[in-house]
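For reference, the structure is listed below as structure tokens.
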Amino acid sequence: MGILVLGLLAIAFILRRALNPLRAIVLKMEQVANRQFGDPLLRPRTKDLIAVVDGINSMSAHVEESFKQQAKEAQKLRERAYMDPVSHLGNRAFFMGQLNQWLSESSLGGVAILHAEFIKQTYKSEGYEAGDGLVRELADLLSMTINLPNTVIARISTDEFGFVFPNIDENELKFAANSIITCIQDLNADPTGLSKAKASLGVVFNEERKNSTQMLSVLDNALTKAKSNPEMDYGYISNEHTGVIMGKQQWRALVEEAINNEEVTFRFQAANSSWGETYHREVFSAIEKDGERYTANQYLLALEQLDASHIFDEHVIISVINKLEREEMSDAIAINITPTSIAQPSFIRWISLELSKHASICEKLHFEIPESCFISNPHHTALFCNAIRNAGARFGVDNYGRNFQSLEYLNEFRPDYVKLDYLYTHQLDDEKQKFTLTSISRTAHNLGIKTIASRVETQTQLDFLSEHFVDVFQGFIVDK
Numbered sequence: 001m002g003i004l005v006l007g008l009l010a011i012a013f014i015l016r017r018a019l020n021p022l023r024a025i026v027l028k029m030e031q032v033a034n035r036q037f038g039d040p041l042l043r044p045r046t047k048d049l050i051a052v053v054d055g056i057n058s059m060s061a062h063v064e065e066s067f068k069q070q071a072k073e074a075q076k077l078r079e080r081a082y083m084d085p086v087s088h089l090g091n092r093a094f095f096m097g098q099l100n101q102w103l104s105e106s107s108l109g110g111v112a113i114l115h116a117e118f119i120k121q122t123y124k125s126e127g128y129e130a131g132d133g134l135v136r137e138l139a140d141l142l143s144m145t146i147n148l149p150n151t152v153i154a155r156i157s158t159d160e161f162g163f164v165f166p167n168i169d170e171n172e173l174k175f176a177a178n179s180i181i182t183c184i185q186d187l188n189a190d191p192t193g194l195s196k197a198k199a200s201l202g203v204v205f206n207e208e209r210k211n212s213t214q215m216l217s218v219l220d221n222a223l224t225k226a227k228s229n230p231e232m233d234y235g236y237i238s239n240e241h242t243g244v245i246m247g248k249q250q251w252r253a254l255v256e257e258a259i260n261n262e263e264v265t266f267r268f269q270a271a272n273s274s275w276g277e278t279y280h281r282e283v284f285s286a287i288e289k290d291g292e293r294y295t296a297n298q299y300l301l302a303l304e305q306l307d308a309s310h311i312f313d314e315h316v317i318i319s320v321i322n323k324l325e326r327e328e329m330s331d332a333i334a335i336n337i338t339p340t341s342i343a344q345p346s347f348i349r350w351i352s353l354e355l356s357k358h359a360s361i362c363e364k365l366h367f368e369i370p371e372s373c374f375i376s377n378p379h380h381t382a383l384f385c386n387a388i389r390n391a392g393a394r395f396g397v398d399n400y401g402r403n404f405q406s407l408e409y410l411n412e413f414r415p416d417y418v419k420l421d422y423l424y425t426h427q428l429d430d431e432k433q434k435f436t437l438t439s440i441s442r443t444a445h446n447l448g449i450k451t452i453a454s455r456v457e458t459q460t461q462l463d464f465l466s467e468h469f470v471d472v473f474q475g476f477i478v479d480k
């Protein structure tokens, strides 16, 4: 009897050993089918399987290389459409797209145009090589010096640079304007510092709804003001303020009081497929107090600058969890997370603990993370994404395609969805824009990642996007 048992064990061991390579092959094929590549399979001892494993490794490497090439092609198309080749800043099309997005979202903050006439003079007197070198030097100085959150810097003509400063106050805008002037002075070749580089800066602080034509008109007036008054560092125009001016600590106090008094209100916007199926509803917050309504754009920047945005993010998350547990909402809810919250280990620990307490509704929680986090802060973002995914919730990329870095981060992080930056979903009659949209949407599509377009206003826009690898839509055409 003992010999029989030993024989059976020996047979089981031999079979298990023989089947292990087959299991590995099956697992590898499943990974490739899900566009997950990883390390190649080790060559088995079974001669008959060596050719199979070599073939699978070759196929996996080929598919992975194909994705990388596609990501590079998408990157090149984006650069061609939206990047200035000399300065490596955004071009005029990029500037206009970001200006329109800011104006449609909040209109609060500042814009500026720098007319650097000394650059054109250099091109004329010293040639293209010297002119290009000066442009690159100024672009590098501006990029390093101006580091306010979400700032847009673009080269909009040979000797003009455009700036958008979303959601900042007047003091911060004036500080940014002085920083731009300092950059110009640093480029001044005069060792005595007595001669002034020929340049003019127009700056506008805005708090009212405007379209891009109106804003550019006011900005042009500010630039004219600067040129007419060369003794001034810059021309400045500020709208008359009709609301309340508050500092950062006052905004924080307002938010904390609103949370304690349950004065934070929420509205939910559906993101639907073209046939009407809801993928999720995005939550938007505001504070209503003493007859005033404050939108998130007004107070979140102040919280971020104080490294206190987690206070509000945690409140929104808890509020949404409670609504889901009380079954007030049946669809999945998308919650925007601020970069400064993701950069805090304590917030990541908090979210892990909180989700573990509410495992039954985690599948209905979607977290939207700005694309900049995946590029500028990948380590904390990876920790946050792992916490989300391990709990059974989902995460997506907000402002997909806004940054000019490679899209290969998609393969590493594997988000459940991406939300296209507004830059790609307006002015769809532009051929370059169409090609770029198609390319970056296809890159996500080929990894099995859903693509969402926001602010879809017309049936024509929806039809075009549907045909170019966009799966889900938000906007007027969906809401009506």
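In the UniProt record's numbering, the protein residues as written are 1 to 480. Ideal placement from N, C-alpha and C gives every residue a C-beta, glycine not left out. For clarity, every value in this text was computed on a predicted model and none was experimentally measured.
* Asked: For the alpha helix (DSSP H) that contains I342, what are its first and last residues?
  -> 339 to 342
* Would you grab the beta carbon distance between R281 and D233 for me? Rounded to a whole angstrom, and I think it's under 8 Å. => Wrong, their Cβ atoms sit about 47 Å apart, outside the cutoff.
* Roughly how many angstroms separate the alpha carbons of I440 and A453, rounded to a whole number? -> 12 Å
* Spatial neighbours of Q427 within its chain, please: CB distance less than 7 Å, with the 5 preceding and 5 following residues excluded, ordered by chain position. => Q433
* What did DSSP end up calling M329 once you bin it into helix, strand or coil? -> coil
* Could you tell me the distance, in whole angstroms, from the CA atom of T151 to the CA atom of E129? => 28 Å
* To do: Could you say if the stretch 347 to 365 and the stretch 385 to 402 meet the contact criterion of at least three C-beta pairs nearer than 8 Å?
  => yes
* **Inter-residue spacing [alpha-carbon to alpha-carbon] between R293 and E262** => 14 Å
* 9 Å Cβ cutoff met for K198 and E126 -> no
* **Nearest-angstrom Cα separation, counted from L134 out to P378** => 33 Å
* Can you say whether residue 492 is buried or exposed, counting buried as having 16 or more other CB atoms within 10 angstroms of its CB? => Shown here, the chain extends from 1 to 480; a query on residue 492 therefore has no answer.
* Which full runs of the alpha helix (DSSP H) of 4+ residues lie inside the stretch 269 to 338, going along the chain? -> 296 to 305, 309 to 325
* Per DSSP, what kind of secondary structure is A258 in: helix, strand or coil? -> helix
* To which residues of the same chain is V456 closer than 6 Å at the C-beta, ignoring the five residues directly before and after it? -> L462, F473, G475, I477
* Asked: Is the beta carbon of residue 490 less than 9 Å from the beta carbon of T451?
  -> The first residue shown for the chain is 1 and the last is 480, placing residue 490 beyond what the model contains.
* Take S309 and list the residues in its own chain whose beta-carbon comes closer than 7 Å to its own, dropping the five residues that flank it on each side. => L300, L303, T338, T340, S341
* To do: Under the assumption that S285 contacts V255 (Cβ atoms under 8 Å), give the Cβ distance between them as a whole number of angstroms.
  => Contact flag wrong, Cβ pair sits at about 10 Å.
* Asked: Should the stretch 265 to 273 be called in touch with the stretch 135 to 148, which here means at least 3 C-beta pairs below 8 Å?
  -> no
* Measure the CB-CB distance between I113 and F175 and report whether it falls below 9 Å. => no
* Asked: What residues in its chain sit with their C-beta under 6 Å from that of D84, if we drop five residues either side in the sequence?
  -> N91, R155
* To do: Would you identify the three-state DSSP class for G133, choosing helix, strand or coil?
  => helix
* Endpoints, alpha helix (DSSP H) assigned at I440 -> 431 to 445
* Which residues mark the beginning and the end of the beta strand (DSSP E) in which Y123 is found? -> Unbroken run through Y123 is the alpha helix (DSSP H), 117 to 126; no beta strand (DSSP E).
* Buried/exposed call for T192, threshold 16 Cβ in 10 Å -> A caution first: T192 carries a pLDDT of 47, below 50, which makes its placement in the model too unreliable to give a value.
* **Nearest candidate by alpha-carbon position, reference V283, set I333, N221, G247** => I333
* To do: May I have the straight-line CA-CA distance separating H445 from T436, to the nearest angstrom?
  => 14 Å
* **Residues of its chain near T242, where Cβ-Cβ distance is below 6 Å and the 5 sequence neighbours each way are ignored** => Summary for T242: the model assigns pLDDT 47, below 50, so the residue's position carries little reliability; its value from the coordinates is reported in the next sentence. Excluding sequence neighbours, T242 sits near nothing in its chain.
* **Complete alpha helix (DSSP H) runs within the stretch 152 to 240 (minimum length 4 residues, chain order)** => 170 to 187, 212 to 228
* **Run of the beta strand (DSSP E) containing P370, from where it starts to where it stops** => 365 to 370
* Buried/exposed call for R402, threshold 16 Cβ in 10 Å -> buried
* Asked: Does N272 get closer than 9 Å to chain D when you measure Cβ to Cβ?
  -> Protein chains in the displayed structure number just one, and chain D is not present.
* Can you give the beta carbon distance from G110 to I168, rounded, assuming they're within the 8 Å contact cut? -> 6 Å
* Own chain, CB closer than 6 Å to M329, minus 5 neighbours either side, in chain order -> K323
* Which partner residues of Y424 appear in the DSSP bridge assignment? -> Looking at the DSSP assignment, Y424 forms no beta bridge with any residue, so it has no partner.
* **Limits of the alpha helix (DSSP H) - the one that R349 falls within** => 345 to 357
* Return the CA-CA distance between A177 and C362, expressed in angstroms with no decimal places. => 45 Å
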